[in-house]
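Here the structure is laid out as structure tokens; the discussion comes afterwards.
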Amino acid sequence: MRLSRYFLPTLKETPAEAQIASHRLMLRAGMIRQGAAGIYTWLPIGHRVLQKIENIVREEQNKAGAIELLMPTIQSADLWVESGRYDDYGKEMLRIEDRHERKMLFGPTNEEMITDIFRREVKSYKDLPLNLYHIQWKFRDEIRPRFGVMRGREFLMKDAYSFDLDTESAVRSYNAMFVAYLRTFARLGVRAIPMRADTGPIGGDLSHEFIVLAETGESEVFFDKGFDAFDPLAVQPGTDEDLQPTVDQWTSLYAATDEMHNPDTASVSENDLVRGRGIEVGHIFLFGDKYSKPMKAEVQDANGSSVPVQMGSYGIGVSRLAGAIIEASHDEAGIIWPESVAPFKVGLMNLTPKDAECTTTCDRLYSQMQEAGVEVLYDDRATGAGAKFANMDLIGLPWQVALGSRGIKNGVVELKNRATGERQEVAIDAIVGKFTS
Ligand code: P5A
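To convert, count from 1 in the sequence shown and add 6; that's my numbering.
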């Protein structure tokens, strides 16, 4: 992408309304703009990040055996009356009336709707286990939307719903999601700590939140020093294996708390605990027949008796993650994107656009990178070198390649790693190969 033809409205000034780094940087780096309180437009570079996060979430859900579908944002109130949550949900639910005075709502979550789909189509235990998910916008009329996309009113969530014949099988589905979550967050370049949690309005007995460590986080966590030793990507995804030992290993390695708890330090010595703050990026629940019973979502078991299906639900805050990743990975100059979610891999800068040879060479490098499938943002604008460097640091692409008249004379570009700050000179003809080999 040529920056001269792109839409990247960056800001020099720090916006007054932004209280935390990620909100400030998302506005300054031209990722988002606010439409109304807690409701945002995702500008092109922000949209690319959102799609990268979404795709990694999707890949790991698929690997774990979940199946994607897409439910609407607008739901009928009837289903919520059936489950008993229509009145319970309170003011957080955006209630709408259509022209026929039918009660509708903008979905804050989809337990009711998926239970309705299930009960219409699935009748036998032979069709279980089943896990259905979608990635869809939700609306919660939060009393205090703040911190940009971290606590929005409209936000993008991945929500999966598992259906099993009995509790033992339901726990296996829960464990598969637990492991998929650890893998997902590792691939997104963040460390997320699983912590036992309250179930709140979703309900049930078993629940974990996944917390990304960041000083500005709303939850307080205590975790075991040994936590670092585990590599989530070493654990194979899937529903068939017995993942219980893996889940036990993870859950015995931390203790956690927030304002809702006291630290549960039973399993670890207090000396080994590190105290931190974090952001909830995922939340999983096992709630058995809480919805299937009132909504009569039943299957026939092997004996031909009808039993309510055992359910769980599993959420990831896709749009919140964009903020959480920045919160965990930035410096004074701007964002530092992990490569897996960076909007572009390389930022190519023409430092002396008035120099015809420099411009021809930069244009050639840009074409070669594009042909090689390297995602590159090419700053070909007629602005000064200082502004270009500052802008690249702000938007946080993993690699910067700078070429000016001096580099042309010496036959080299300057390559900078955004995360380490390390700079090196690379022969002009060797630079494209650096990103393809
Ligand atoms: C699980 C999936 C649920 O809604 N039902 C379907 C369950 N869980 S949850 O914890 O309430 O939400 C799941 C994740 O969504 C993100 N999230 C938000 N992100 C941005 N702004 C908000 N206002 C917001 N509320 C929830 C969180 O990451 C949460 O873990």
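Quick reminder that beta carbons are idealized off the backbone N, C-alpha and C, glycines included.
This one's a predicted model, so the numbers in the text were calculated from it and none came from an experiment.
Notebook entry, point to check: Can the beta-carbon of A83 be found less than 8 Å from the beta-carbon of L111?
Noted result: yes
Next item on the list: Go ahead and pull the three-state DSSP assignment for Y95.
Entry: coil
Next item on the list: Label V382 either buried or exposed according to how many other C-beta atoms from any shown protein chain fall within 10 Å of its C-beta, with 16 as the threshold for buried.
Entry: buried
Note to self: Please return the same chain residues whose Cβ sits closer than 7 Å to the Cβ of L33, not counting the five positions on each side in sequence.
What the structure shows: L17, P21, A24
Margin query: Just checking I208 against ligand 1 - is the residue's beta carbon closer than 7 Å to any of the ligand's heavy atoms?
Written below: yes
Item checked: Residues sharing a beta bridge with P429, DSSP -> The question names Pro, but residue 429 in the sequence shown is Arg. According to DSSP, R429 bridges with K422.
Item checked: Cβ-based neighbour list, K415, same chain, cut-off 8 Å, excluding 5 preceding and 5 following -> none
Item checked: M301 burial status per 10 Å Cβ neighbour count (16 or more: buried) -> buried
Notebook entry, point to check: In the DSSP assignment, what residue or residues form a beta bridge with N356?
Noted result: L409
Checklist line | Residues that L212 bridges to, as DSSP identifies them | finding: L292
Check: Which residue from V313, I322, P243 puts its Cα closest to that of G288?
Finding: I322
Margin query: Can you give me the C-alpha to C-alpha distance between F161 and W143, rounded to a whole angstrom?
Written below: 5 Å
Note to self: Below 7 Å, is the gap between the Cβ of H336 and the nearest heavy atom of ligand 1?
What the structure shows: no
Next item on the list: Give the range of the beta strand (DSSP E) segment to which E160 is assigned.
Entry: 160-170
Check: Any chance the region 85-100 sits against the region 40-59, with 3 or more Cβ pairs inside 8 Å?
Finding: no
Notebook entry, point to check: If you drop the 5 nearest sequence neighbours on each side, which residues of the same chain put their C-beta closer than 6 Å to that of D264?
Noted result: Summary for D264: the model assigns pLDDT 47, below 50, so the residue's position carries little reliability; its value from the coordinates is reported in the next sentence. So the list reads S225, E226, once near-sequence residues are dropped.
Next item on the list: Go ahead and label N309 buried or exposed: buried means 16 or more other beta carbons lie within 10 angstroms of its beta carbon, across all protein chains shown.
Entry: exposed
Check: Would you call the region 192-205 and the region 316-332 touching, i.e. three or more CB-CB distances under 8 Å?
Finding: yes
Next item on the list: Please name the residue or residues paired with Q316 in a DSSP beta bridge.
Entry: D170
Margin query: Which residue marks the beginning of the alpha helix (DSSP H) containing F395, and which one marks its end?
Written below: 391-401
Checklist line | Buried/exposed call for H214, threshold 16 Cβ in 10 Å | finding: buried
Next item on the list: Using 7 Å as the cut-off, classify the Cβ of V287 as near or not near the heavy atoms of ligand 1, replying yes or no.
Entry: yes
Item checked: Continuous beta strand (DSSP E) assignments of at least 3 residues falling wholly in the region 330-376 -> 352-356
Check: Helix, strand or coil for K200 per DSSP?
Finding: Here residue 200 is Pro; the residue named in the question, Lys, does not match the sequence. Residue state, collapsed to three classes: strand.
Check: To the nearest angstrom, how far is it from the Cα of K129 to the Cα of P135?
Finding: 12 Å
Margin query: I'd like the span of the beta strand (DSSP E) that includes F145, first residue to last.
Written below: 136-145
Note to self: In whole angstroms, give me the CA-to-CA distance for E345 and E247.
What the structure shows: 30 Å
Check: Considering only C-alpha positions, which residue in the set E420, F236, A240, P200 is nearest to R429?
Finding: E420
Notebook entry, point to check: Taking A203 as the reference, which of A192, T190, I217 has the closest Cα?
Noted result: I217
Notebook entry, point to check: So, is I149 buried or exposed, given that buried needs 16 or more other C-beta atoms within 10 angstroms?
Noted result: exposed
Checklist line | F291: CB within 7 Å of a non-hydrogen atom of ligand 1 | finding: yes
Check: How would you write the range of the alpha helix (DSSP H) that F124 sits in, first residue to last?
Finding: 117-127
Check: Expressed to the nearest angstrom, what Euclidean distance is found between the alpha-carbon atoms of G390 and A433?
Finding: 23 Å
Next item on the list: Answer yes or no: do N116 and I73 have a C-beta to C-beta separation smaller than 8 Å?
Entry: no
Next item on the list: Assign F13 to one of three DSSP states: helix, strand, or coil.
Entry: coil
Check: Is the beta carbon of E381 within less than 7 Å of some heavy atom of ligand 1?
Finding: no
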